[in-house]
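These notes are about the structure you will find just below.
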Amino acid sequence: MELKERLARALPPMLRHIPRDKKWLYPFFLAGNIVLREEERRLDALPGAFDGYAVAYASDIHFGAYLDARAAVSLCERLTALRADLILLGGDYGEDQEQAIAFFNAIPSFPAGAPVLAALGNHDYPEGGKTMEPLLRAMREKNVQPLVNQTRVFRQGDDSLAVCVPDDFRCGKPDFQALKEQSDGARFVLLSTHSPDLLPDAAEAGLRFDLALCGHTHGGQVALFGRSLLSSSIYGNRFRAGWYRAFGAEIFVSCGAGTSILPMRLGTRSEIHRLVLRVNKG
Ligand SMILES: [Fe+2]
Numbered sequence: 000m001e002l003k004e005r006l007a008r009a010l011p012p013m014l015r016h017i018p019r020d021k022k023w024l025y026p027f028f029l030a031g032n033i034v035l036r037e038e039e040r041r042l043d044a045l046p047g048a049f050d051g052y053a054v055a056y057a058s059d060i061h062f063g064a065y066l067d068a069r070a071a072v073s074l075c076e077r078l079t080a081l082r083a084d085l086i087l088l089g090g091d092y093g094e095d096q097e098q099a100i101a102f103f104n105a106i107p108s109f110p111a112g113a114p115v116l117a118a119l120g121n122h123d124y125p126e127g128g129k130t131m132e133p134l135l136r137a138m139r140e141k142n143v144q145p146l147v148n149q150t151r152v153f154r155q156g157d158d159s160l161a162v163c164v165p166d167d168f169r170c171g172k173p174d175f176q177a178l179k180e181q182s183d184g185a186r187f188v189l190l191s192t193h194s195p196d197l198l199p200d201a202a203e204a205g206l207r208f209d210l211a212l213c214g215h216t217h218g219g220q221v222a223l224f225g226r227s228l229l230s231s232s233i234y235g236n237r238f239r240a241g242w243y244r245a246f247g248a249e250i251f252v253s254c255g256a257g258t259s260i261l262p263m264r265l266g267t268r269s270e271i272h273r274l275v276l277r278v279n280k281g
């Protein structure tokens with residue numbers, strides 16, 4: 000069991016619930032205030048037909064004691080209102096699978112229009128060998144398409160953009176060979192993986208990707224001088240938060256919308272994203 004999980008279990012329940020009258024304190028305010036980050040990214044490999052393609056992205060919602068039903072509904076309404084071409088959800092919908100199901104039960108259905116694709120995170124896996132099916136069903140009921148070692152290919156004219164979603168790095172069984180076959184021939188490959196820890200293995204296995212969107216790290220949640228106090232990544236601060244260039248791809252790691260263990264942040268923000276892909280004209 001990693002240090003973060005040991006700490007979570009050791010905390011008395013009373014310490015894990017911050018009284019309402021303390022929520023003005025800055026670290027608690029940061030945790031509960033989800034900011035929208037909007038940006039354009041110029042990408043060498045992006046085909047012309049996808050210039051201006053907008054992706055709304057939210058990861059690490061962690062529905063439960065710190066992000067309640069009202070906040071969950073508001074979050075989903077904000078994602079829909081971004082009028083993106085694609086909505087991506089990055090996994091860790093609750094602290095455990097029961098709460099992940101509760102999250103999808105709490106939100107309204109996403110309207111028809113932009114497809115909503117979802118990865119699974121390590122917190123979404125059931126304990127004791129139970130099946131994923133109840134969570135997958137709850138997702139589909141809200142017009143969310145879970146992808147596990149699966150790819151959706153979008154076409155515009157002769158150009159194509161493949162969204163590859165592997166199984167979770169820690170709790171699942173990523174199948175890079177399947178993703179390679181499914182994305183073969185796509186002009187641009189967007190890899191949506193809950194954890195950036197999967198990226199070195201994906202590259203090693205020969206999976207080509209041009210852009211990776213990840214969560215999992217929470218930016219450290221509490222980070223001082225750009226370093227996590229406690230990292231959930233096996234690579235420490237290597238993929239803590241923000242943009243990186245590695246494996247011939249652009250990599251983005253979100254700090255996530257929710258918080259885990261404690262509803263507090265310092266040196267990081269709770270965030271969702273609207274990312275517009277742009278052709279790099281040099
Ligand atoms: Fe998370």
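0 is the number of the first residue of the sequence shown in numbering that gives the first Met the number 0; add one for each residue after it.
Ideal placement from N, C-alpha and C gives every residue a C-beta, glycine not left out.
Host beta strand (DSSP E) of residue i (start-end)
i	result
L276	S269 to V278
D158	D158 to V164
A177	From DSSP, A177 is part of no beta strand (DSSP E) but of the alpha helix (DSSP H) over F175 to S182.
L210	L210 to C213
L189	F187 to S191
Which residues DSSP lists as bridging residue i, in chain order
i	result
Q144	L116
Q149	V164
Q320	The shown model of the chain, from 0 to 281, leaves out residue 320, and the question about it has no answer.
R226	L223
Contact check, residue i vs residue j, beta carbons under 8 Å
i	j	result
P259	E126	Going by the sequence as given, residue 259 is Ser instead of Pro. Against a cut-off of 8 Å, the Cβ pair of E126 and S259 comes out as no contact.
D196	S232	yes
F238	A202	no
H217	G90	no
V72	A30	no
A222	A248	no
T267	G219	yes
L282	A55	The first residue shown for the chain is 0 and the last is 281, placing residue 282 beyond what the model contains.
Y243	C170	no
T130	F109	no
R277	G47	no
N148	D174	yes
G214	S269	no
L265	P26	yes
V162	R151	yes
Y92	P262	no
L134	N279	no
Run of the alpha helix (DSSP H) containing residue i, from where it starts to where it stops
i	result
L265	Segment: none, L265 is in no alpha helix (DSSP H) and carries neither H nor E.
R169	Taken as a continuous stretch (DSSP letters only), R169 belongs to no alpha helix (DSSP H), as it is neither H nor E.
Y25	Y25 to G31
R139	E132 to R139
P199	L198 to E203
Item checked: Uninterrupted beta strand (DSSP E) stretches inside the region 34-98 (no shorter than 3 residues) -> Whole beta strand (DSSP E) segments, 3+ residues: 52-57 and 85-88.
Check: Counting Cβ pairs, one atom from each stretch, are 3 or more of them under 8 Å apart for the region 96-104 and the region 128-142?
Finding: Contact annotation: the region 96-104 touches the region 128-142, with at least three C-beta pairs closer than 8 Å.
Check: Should the region 109-126 be called in touch with the region 85-93, which here means at least 3 C-beta pairs below 8 Å?
Finding: Yes: at least three Cβ pairs fall under 8 Å.
Check: What beta strand (DSSP E) runs, 3 residues minimum, are completely inside the region 232-262?
Finding: Those beta strand (DSSP E) runs which fall completely within the region 232-262 and span 3+ residues are 241-245 and 248-252.
Notebook entry, point to check: Is the region 182-195 touching the region 146-161, taking contact as three or more C-beta pairs under 8 Å?
Noted result: Contact between the region 182-195 and the region 146-161 is present, with at least three C-beta pairs closer than 8 Å.
Check: Any contact of the region 53-60 with the region 246-261, i.e. 3+ C-beta pairs under 8 Å?
Finding: Counting C-beta pairs with one atom in each stretch, the region 53-60 and the region 246-261 have three or more that are closer than 8 Å, which means they touch.
Check: For the 8 Å Cβ check, are there 3 or more pairs between the region 37-47 and the region 272-280?
Finding: Touching, yes, given that three or more Cβ pairs across the two stretches are closer than 8 Å.
Notebook entry, point to check: Is the region 172-179 touching the region 200-215 in the sense that three or more CB pairs, one from each, lie closer than 8 Å?
Noted result: Contact holds: three or more Cβ-Cβ distances are below 8 Å.
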